[in-house]
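Engineer: First the structure, which I've put down as structure tokens, then a few questions once you've had a look.
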Amino acid sequence: MNGTPRLSSRFPETPQHRRPQGTPRSNEAKPRSSLPDVAALKSKDSAEGPLIPLDTIDAPQQRLLAVSFYVALFAWRIYDFHYLLEEETESLWMFMKWVAIDGVFLFGLPEVRIPWLEWSQGSMVILFLLHALLDGVLMFRIPIPIGPALGAIAKLFYDRELAISERSVKYSTLMQDSSHLLGRQIIKILPEGSATLNPTKEHFCLDGAKSQVYLPVQINQTTPIAMNLIQFDLESNQNETTVLTAAQIKKLMNQAIKSGHQSGVDGLMTLRLPVKKPGLYKLGRVTDKTGLEVRRRVGGETFVVPCPRAVIKPLNQNKCRGELSNVELEVTGTPPLRVKYRKLINHVEQEAYLQSIQPEDLVSPLAQSDQQPIVLSGAIDATWARAQSVKVPLSESLGITGKWAFSLEEVQDAFGNRVSYSSKEHDQQEKSNTKAPQLHQVITVHERPTIILKGCSSQRPLKVAKGRDTALPIQLGSTGKGGVLNIPYQIEYRFTPEVDLTPAGEHGTEPRVESLSMRNNDQKPRIKEAGLYSISAVASEYCLGEVNEPASCLLQNPPEPSVKLQTEEIFDKCAHKSIGLRVDFFMTGTPPFQVQYIKERKQSGQAEVAFANIDGLRGQIDLTPPVEGHYKYHFTEVSDATYKSYNIRNQNLVLEQDVKPSAYASFLSSSPRHVCIDETVSFGVTLRGEGPFTLEYELVRGNKRAPHKISNIEGNIYEIRTDPLTKGGDYTLSLASVTDGMGCKEFLKEEAKITVRHQKPKVGFGLIEGTRTVKTLENKEVVLPVRLTGDAPWTVQYRDINDPDRVIEAHLRQANDKLVVKRHGTYELVSMRDKICPGTVDQMANRIEVQWISRPTLSLANDAFQEVKGQTYIKHDVCEGEEDSVDLHLSGAPPFELKYDEHVKPDKGAKALKTRNFNAALGVTSIRMDTAQAGLVEYRFSELADYNYDHAKHAFTPVSIQQRVHPRPLARFTNPGKTYSYCTSFSSSVDTIPITLTGTPPFSIDYELRHSGKSQPRIHTISDVRSNTYSLQIPTTDLQAGTSALSLRKITDSRGCTRTLPSTEPRVQISVHAAPSINPLDPNRADYCVGDRLSFSLSGTAPFTVYYTFNNVARKASSTSTTFRRLAEKAGTFTITGIQDSASSCKADVNLSATIHGLPSAKVANGRAEERDIHEGGSAEIEFSFGGEGPWEFVWARSTLEKGGRQGKVLEMRSESSEERTYRLRAGEEGVYEIVSVKDRWCSVKREGVEISGEAGGRKMLTN
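What follows is the structure, encoded as structure tokens:
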């Protein structure tokens, strides 16, 4: 479906056929799936196979390597555990090491993808946690009660225990003796058969993919041999009866048994009747094997209807914005129908439903009642359920351009039959490429084109020269924001010639219609004829567009321009000679006009082209050549607003004249001059006429005039030079008159402006925060303010006084500008010049000083160190764990940032390098020395930065501090955890206790002795221990009866290093024993039952030896714990006569007796299984008999009877009591009656697997 947007929430693809909801699947024909592609399977296997290919190392060999690697790791772990040091840091490091190794191995193993070793993520997490727990136990030497744990695990598989007879007895066998509760009474009520069609009210439908359905018929307590199934046609309402024979029914029953359609209740079975036609089905006469008619349940009518379906009618897939979608759905099925569809607008998805789709004249029982199934009464009419087609229009306004998609998802009929359309069926529609009704439809909504005329209308016509064409000023667009559409535009316009327009300026009766195609605004139609052009229509490939106003343009051809001339000579008033010609122009055409003429001077033979500009239909120019001679003027072309360069040579417009011009003078350049004070100014003057000339001019400043007169000027060019202008301000140089050689004087109006500066420009350094001294960071650019007067731009020269030969020139453009420098020093201004004049340097502000801020430094006090070697400072030795620090002296701008490397070279273990960053807010700070581990520690300060400067290697010399950390001594018992004991009858002390010492002798040791009965321990000190081993002798005065704990508290070596040992350190026990004793755990109990446990507590030192008699037979038993327990396996008298422990040779004589009673018994129906059949409302007598010592209390239960004699679900339970050995009960309900528990005077028995809830005498539910 390359052209159809796929909805994100579409139903997943499935290889199965489309199936309505509620249709049974059991007997549907399963489509045969094609064999998978072998090449695809191989590629998939290779993608998901082991990391090491199996053809390189096979799977068993890879598993062997993985297991071998794991065993090697485990052996390494045991090796580390064996040689583990006693320091807590070493234990922690070992623990972290093995947790990391286990994590890498366990979580990396699945990535290798070895077959059978690819466990889930959850399994790997559990294995990792178990390994971490094992690492903690081993590396921290946590003692584990392995013996009790193994005993508890052994009890899961071996639950035997010692009985009084000193043999192993299985408790479950002893208590689950079936001889105590025997017999059961079975009562059955004869059944009544029935048959029901579709008891669960399922709904069915048929379509092309499913040719038949199976109607369920439930039969109860009967074996039918004949069955009638009546079908009413949905179209004609004609009925048809199908008779099922005994052979067919037997086959259906066998199929029900094989397919598991039995309900689990005896006598209840569901048959599946195949039907292939739509209609209303009801169950007719059903006959069982006795020949009697089986009762049929009311309300078993079932409709089988055609499956609903829905399609979208084909339509035009291209629409215009603002139109209606006009999508039409055709829904077929039993109304009222329901349709679910999805609408996608430019990838925005919407879900919609159409409810109650039905014809207008529909009369359906479903519309009158919501109850199902529909109970039909009277004459049967099934025609209302026939399938009907309903057309549903979806007329939505297409207000958004883009892709609109309508996709059917699901259709459901009145009975609940649902058909869902999968994406596979939508894809099949795309592949078929047919014009038949579809499951989805895609509409492309296009923008409408627009058109307008720009710059032309009936009121503002286009004027074009005759015979020339122009572009019709069309502006294309669209109704959207995108402008011109990227598709061809079809344009239609009307044209009426100017002579055929109506008096109102409208089109005539028969305008000419033109059409053309355009793609953009650069393609415009060319028009030439005068007349009215009107855009009548615009359209794109899919949409009719909008024609906006103005839509009409009037094209006119103005008349060609023409010219007529009138001339008049111009005479000089003094010499009365012709000095020029005055020409009057009379024009026709469209003003403004430009007339081109060629001027020729006979004496020189040169010709030049000139132009006369005329704004209206009449104009005048004066032709006054500046040089004497015979002139000829030939008018050749005229241009107006419409016609350009119109040739008028055919009119032969030629003028001739002889000219002798009068005297005249003018500046060669009269642009304003800006000069400095005390400077002169010169101006060039051009002269015209017959020489020699006399020139008069004035220099005016304010209200003062200085006239000047210059005579006998030969030539046509003269230079006027003023005197030095000593005052600033504005001057005007004005030409007053000129007199030629004939004495004719002409007055002049030529002027030139002069501006004289009032003062010289000046330069000086500005202030920076009130001073001309700048402090800045090293090598950082510094902006020096410069104050300038005068006119921009300025050229300034400056230098560093430390390098006077190097002068720097800068070009500045602002009065308050700046100079940028990067070096420190004193800068001096040398000279300056502005745009016009050289200037001066302000001697009060000609210098400015730039200073660098000092970089940060680090220093250490020598007296705080033992030795100083260059940049290496050696600090006094300390003991491991002691507090120590060093002071750092910092200079610069706080805060400071200091970086140093801490090199740890421990006496034992691997070297370590730690990089630390340190921030200091003041100039004096301190760092804490690392004394956590013995060895040589070096601190190398490599980087220093402050508020102003980052670290720079060239500006900082690294500093090192070294310190030796001595290890703390260690003391531990040679045999930790050992118990040293003796009996109270002996007076000698306990044996010596060996202690192992680590460190430099002599040592001082503190130890404590804590008695279990006292809260305060006794603390002793041993001084001057001169070897690394010591045998501790505990004084006899410190020993008391009971258990005492001996632990080491503190040790000090010859360097003064001290270690305080934690309370968790391994210790030894000192036990002083008294004579053993034995007492019952329940001293108030003297009577026991078979299966009870006789328990006694033992005091003394294990193991114990217990002496007892049972039924006058003497026996001896051993106990390794402080509890002596035996299981009572049979009735009799039990007496304990003595006890002895392992700490002393004394035996204590005792006399503890208990009586053991046998278990009671109960029987139903003399211990046999009896069965009685009764009718509905009848009853039967049940007899119970008991054994044991009365009175008795018992609980009986009634349960269902399953096939094969198995006990079913417990229905009720009752509690009864009896003083006699027999008890009778009458029962009238069906079930199995059994005794589940019985209790006599001493003991009770309960059936295994039955829970008794509630109080006696009530009706209870049991769980098996």
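Per full-length UniProt numbering: the sequence shown = residues 1 to 1264.
Note that beta-carbon positions come from the ideal geometry of N, C-alpha and C, so glycine has one too.
What are the boundary residues of the alpha helix (DSSP H) that includes V67?
Structural biologist: Unbroken alpha helix (DSSP H) run through V67: 59-82.
Engineer: Answer yes or no: do M139 and F81 have a C-beta to C-beta separation smaller than 9 Å?
Structural biologist: yes
Engineer: Just to confirm the assignment: which complete beta strand (DSSP E) runs, minimum length 3, are found wholly within the stretch 509-553?
Structural biologist: 512-518, 531-539
Engineer: Taking the alpha-carbon of G284 as reference, which of G300, G291, V275 has the nearest alpha-carbon?
Structural biologist: Here the closest residue by C-alpha is G300.
Engineer: According to DSSP, is T915 helix, strand or coil?
Structural biologist: strand
Engineer: For L1127, does the count of other Cβ atoms within 10 angstroms reach 16, so buried, or fall short, so exposed?
Structural biologist: buried
Engineer: Look up G923 in the DSSP assignment and say whether it is helix, strand or coil.
Structural biologist: coil
Engineer: Assign M227 to buried or exposed, taking buried as 16 or more other Cβ atoms, counted over all protein chains shown, within 10 Å of its Cβ.
Structural biologist: buried
Engineer: Would you check if there are 3 or more beta carbon pairs closer than 8 Å linking the stretch 396-415 to the stretch 245-257?
Structural biologist: no
Engineer: Within 10 angstroms of its Cβ, does I126 collect 16 or more other Cβ (buried), or is it exposed?
Structural biologist: Here I126 is exposed: its Cβ has fewer than 16 other Cβ atoms, across all protein chains shown, within 10 Å.
Engineer: Helix, strand or coil: which one does DSSP assign to P365?
Structural biologist: helix
Engineer: One question on the structure: do V763 and L788 come within less than 9 Å of each other, judged by their Cβ atoms?
Structural biologist: yes
Engineer: For G1228 and S1179, which I take to be in contact (beta-carbon distance under 8 Å), what is that distance rounded to the nearest angstrom?
Structural biologist: 4 Å
Engineer: Rounded to the nearest angstrom, what separates V1232 and V213 at their Cα positions?
Structural biologist: 41 Å
Engineer: Taking 9 Å as the cut-off, decide whether the C-beta atoms of I713 and G691 are in contact.
Structural biologist: yes
Engineer: Assuming M587 and L617 form a contact by the criterion Cβ under 8 Å, report the distance between their Cβ atoms to the nearest whole angstrom.
Structural biologist: With a beta-carbon spacing of about 5 Å, M587 and L617 fall inside the 8 Å limit used to define contacts.
Engineer: Starting from K251, trace the alpha helix (DSSP H) both ways and give me its first and last residue.
Structural biologist: Note, K251: alpha helix (DSSP H), 246-259.
Engineer: Looking only at its chain, what residues have a beta carbon closer than 6 Å to the beta carbon of S1012, apart from the 5 residues adjacent to it on each side?
Structural biologist: Within the same chain, S1012 has close Cβ partners G1042, T1043.
Engineer: Rounded to whole angstroms, what is the Cα-Cα separation between R1198 and H1157?
Structural biologist: 30 Å
Engineer: Can you tell me where the beta strand (DSSP E) holding L229 begins and where it ends?
Structural biologist: From DSSP, the beta strand (DSSP E) with L229 extends over 224-232.
Engineer: Assign V1245 to one of three DSSP states: helix, strand, or coil.
Structural biologist: If DSSP states are grouped into helix, strand and coil, V1245 belongs with the strands.
Engineer: In chain order, what residues of the same chain lie with their CB nearer than 7 Å to the CB of K97, ignoring the 5 residues before and after it?
Structural biologist: Answer for K97: no residue qualifies.
Engineer: Put R1154 into one of helix, strand or coil per three-state DSSP.
Structural biologist: As written in the sequence, residue 1154 is Ala, which differs from the Arg given in the question. Strand.
Engineer: Where DSSP assigns a beta bridge to G684, which residues make up the other side?
Structural biologist: E719
Engineer: Does the Cβ of V363 have 16 or more other Cβ atoms within 10 Å, making it buried, or fewer, making it exposed?
Structural biologist: exposed
Engineer: Exposed or buried, what is W116 when buried is set at 16 or more other beta-carbons lying within 10 Å of its beta-carbon?
Structural biologist: W116 is exposed by the Cβ-count criterion.
Engineer: Going along the chain, which residues of its own chain have a beta-carbon closer than 8 Å to the beta-carbon of P1191, five neighbours each way excluded?
Structural biologist: S1217, S1218, E1219, D1240, R1241
Engineer: Scan the UniProt domain "Nucleoporin POM152 immunoglobulin-like" (557-661) and note each continuous beta strand (DSSP E) run of 3 residues or more that stays entirely inside, going in chain order.
Structural biologist: 562-571, 578-588, 593-601, 607-614, 618-623, 629-639, 653-659
Engineer: Can you tell me where the beta strand (DSSP E) with F747 in it begins and where it stops?
Structural biologist: 745-747
Engineer: Can the beta-carbon of G1236 be found closer than 9 Å to that of R1247?
Structural biologist: Note on residue identity: the sequence assigns Val, not Gly, to residue 1236. Yes, these two residues count as a Cβ contact at 9 Å.
Engineer: What are the boundary residues of the alpha helix (DSSP H) that includes L133?
Structural biologist: 121-139
Engineer: Taking R928 as the reference, give the member of R964, S885, K908, P969 with the closest Cα.
Structural biologist: S885
Engineer: Which residue comes first and which comes last in the alpha helix (DSSP H) that contains residue 1267?
Structural biologist: A question about residue 1267 goes unanswered here, because the residues of the chain that appear run from 1 up to 1264.
Engineer: Report the rounded CA-to-CA distance for E880 versus S1095, giving the unit in angstroms.
Structural biologist: 55 Å
Engineer: Between residue 1288 and I995, which are expected to be in contact by the criterion C-beta below 8 Å, what is the C-beta distance as a whole number of angstroms?
Structural biologist: What is shown of the chain runs 1 to 1264, which leaves residue 1288 out entirely.
Engineer: So P50 and Q61 are supposed to be a Cβ contact under 8 Å. How far apart are they, rounded?
Structural biologist: Actually they do not touch by this definition, with Cβ atoms about 11 Å apart.
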